[in-house]
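Right, one structure below, let's go through it.
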Amino acid sequence: MSPVGKKSKNNKFNIYIVEDHNDVLQYIYKEVGSRRLNFSNLTMIHFDSHPDLGIPDINADDVFKKDTLIDSLSIENWIIPAVYAGHISNLVWIKSFWSTQIPNGKYDITIGKDLKTDRIRCDCRESYFTSDNMYSPNQNLTNKKTLNLIVCDFDEIVKNNNEFLENILKNIDQKSLILDIDLDFFSTQDPFKQFFKTNEEYEIFKKVYLTSFKVDKTDPDFDLKYENYKNEKKDKLENIYNFLSTENNNSDNMEGLDLLKQIFVENKIDFELLHSYGSGMDESGLPHHVNNNEDLINMMSNFQIFFQKYFLNLSIQPGIVTIARSSLDDYCPPSQVDFIESETLNILKNNFQNNLNNVNQNY
28 MSPVGKKSKN NKFNIYIVED HNDVLQYIYK EVGSRRLNFS NLTMIHFDSH PDLGIPDINA
88 DDVFKKDTLI DSLSIENWII PAVYAGHISN LVWIKSFWST QIPNGKYDIT IGKDLKTDRI
148 RCDCRESYFT SDNMYSPNQN LTNKKTLNLI VCDFDEIVKN NNEFLENILK NIDQKSLILD
208 IDLDFFSTQD PFKQFFKTNE EYEIFKKVYL TSFKVDKTDP DFDLKYENYK NEKKDKLENI
268 YNFLSTENNN SDNMEGLDLL KQIFVENKID FELLHSYGSG MDESGLPHHV NNNEDLINMM
328 SNFQIFFQKY FLNLSIQPGI VTIARSSLDD YCPPSQVDFI ESETLNILKN NFQNNLNNVN
388 QNY
């Protein structure tokens with residue numbers, strides 16, 4: 028990540044709290060439009076149990092049509108469009124130990140318009156991107172943007188100074204910094220587990236849908252093998268859909284499919300919803316770790332330590348804070364979300380009390 032330039036005088040900033048995480052993007056754009064945030068080269072510090080780096084299935088050019096874009100977004104795919112639009116360049120995903128979707132490390136990811144499909148794609152070969160058809164070779168992309176992605180564990184950066192994160196913050200202008208917090212960062216559920224009566228049933232579902240792509244990222248034939256994988260996966264998903272959605276009793280000997288159909292019928296499961304989730308599932312799956320009250324309080328203490336270490340000690344403050352509750356869709360436990368929100372706001376107010384403008388609860 029390159030330095031943003033000379034730091035400006037600190038200004039008061041707004042906090043926006045929403046329910047669905049994708050709704051924060053309209054408030055980020057609002058702050059860009061009012062020039063409280065810079066238009067480009069934005070850095071986002073992203074506290075979340077999930078990367079949210081999916082890609083919506085829209086024409087790449089629709090990213091520049093605000094209403095069309097906002098209507099197409101969901102909770103897992105709202106960041107990449109802002110990268111492709113030229114706003115966000117740097118993302119620091121700070122995750123808890125239970126989140127394993129993308130390994131810790133630094134990634135330079137090219138985002139662009141795929142020449143074959145006119146969809147947004149990226150050239151990162153991590154399974155998070157290849158499993159959900161988000162990968163495309165760099166040479167097949169146009170209108171390219173670069174996302175500098177840093178993935179790090181919360182406990183590690185609280186315990187030990189993270190020199191790279193410190194360097195980012197030391198060189199950043201307030202109007203270039205977005206602080207984004209999903210409350211499921213502190214305690215999270217896999218909401219799809221609730222559709223099944225037992226863990227065994229859920230494992231059957233995952234075994235049927237999961238299609239692994241285990242090819243070395245440096246393999247010279249990676250792209251060819253990935254194309255073959257995509258075609259095979261497409262055929263498999265079509266067979267699953269046709270079998271589960273009709274009276275067809277021929278499962279083509281796909282292991283577990285007959286049993287899964289029985290589970291769907293007996294549990295009266297929303298087939299379309301589960302099929303959509305299963306179609307993009309990767310090996311890590313969705314994290315599920317519900318903290319007890321003691322663990323929540325300990326996390327909040329570490330959250331305060333984080334701000335002391337990386338914000339107050341460096342005299343840093345964000346240009347905007349966005350918060351997602353993520354409780355109506357059960358990612359953040361509904362029984363805990365109000366407590367987590369209250370504690371999070373208290374920490375933010377204690378650290379930035381003289382520089383807060385408005386707290387907007389838009390849910």
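Mapped onto the numbering used here, the consecutive letters of the sequence shown carry residue numbers 28 to 390. Even glycine gets a Cβ: it sits at the ideal position worked out from N, Cα and C.
Bridge partner(s) assigned by DSSP for residue i
i, result
"residue 41", "347"
"residue 383", "40"
"residue 137", "173"
"residue 122", "180"
"residue 85", "Answer by DSSP bridge pairing: none, since residue 85 is not bridged."
"residue 409", "There is no way to answer for residue 409, as the model of the chain reaches only from 28 to 390."
Inter-residue spacing [alpha-carbon to alpha-carbon] between residue i and residue j
i, j, result
"residue 388", "residue 208", "14 Å"
"residue 189", "residue 62", "30 Å"
"residue 260", "residue 154", "14 Å"
"residue 329", "residue 144", "45 Å"
"residue 290", "residue 235", "12 Å"
"residue 251", "residue 377", "54 Å"
"residue 391", "residue 323", "Any answer about residue 391 is impossible in this case: the structure gives the chain only from 28 up to 390."
"residue 299", "residue 258", "21 Å"
"residue 150", "residue 381", "43 Å"
"residue 356", "residue 304", "14 Å"
"residue 187", "residue 129", "21 Å"
"residue 42", "residue 99", "24 Å"
"residue 138", "residue 368", "33 Å"
"residue 229", "residue 270", "18 Å"
"residue 163", "residue 254", "9 Å"
"residue 231", "residue 39", "51 Å"
"residue 349", "residue 285", "44 Å"
Proximity of residue i and residue j at Cβ, strictly below 8 Å
i, j, result
"residue 119", "residue 390", "no"
"residue 343", "residue 210", "no"
"residue 86", "residue 146", "yes"
"residue 134", "residue 176", "yes"
"residue 69", "residue 114", "yes"
"residue 216", "residue 360", "yes"
"residue 332", "residue 185", "yes"
"residue 3", "residue 172", "Beyond the ends of the chain as shown, which are 28 and 390, falls residue 3; an answer cannot be given."
"residue 48", "residue 311", "no"
"residue 97", "residue 53", "yes"
Rounded Cβ spacing between residue i and residue j (contact assumed at less than 8 Å)
i, j, result
"residue 319", "residue 326", "Contact flag wrong, Cβ pair sits at about 11 Å."
"residue 346", "residue 205", "7 Å"
"residue 126", "residue 77", "7 Å"
"residue 308", "residue 264", "Wrong, their Cβ atoms sit about 11 Å apart, outside the cutoff."
Interface flag, residue i vs chain D, CB-CB below 8 Å
i, result
"residue 50", "In the displayed structure, chain D is absent; only one protein chain is listed."
Whole beta strand (DSSP E) elements within the stretch 155-181, 3-residue minimum: 168-180
Sequence ranges, beta strand (DSSP E) only - wholly within the stretch 289-338, length at least 3: none
In chain order, each beta strand (DSSP E) run of at least 3 residues that lies wholly inside the stretch 197-234: 204-209
Length at least 4, wholly inside the stretch 40-77: the alpha helix (DSSP H) runs in chain order: 51-60
Segments of 4+ residues assigned as alpha helix (DSSP H) that fall wholly inside the stretch 347-373: none
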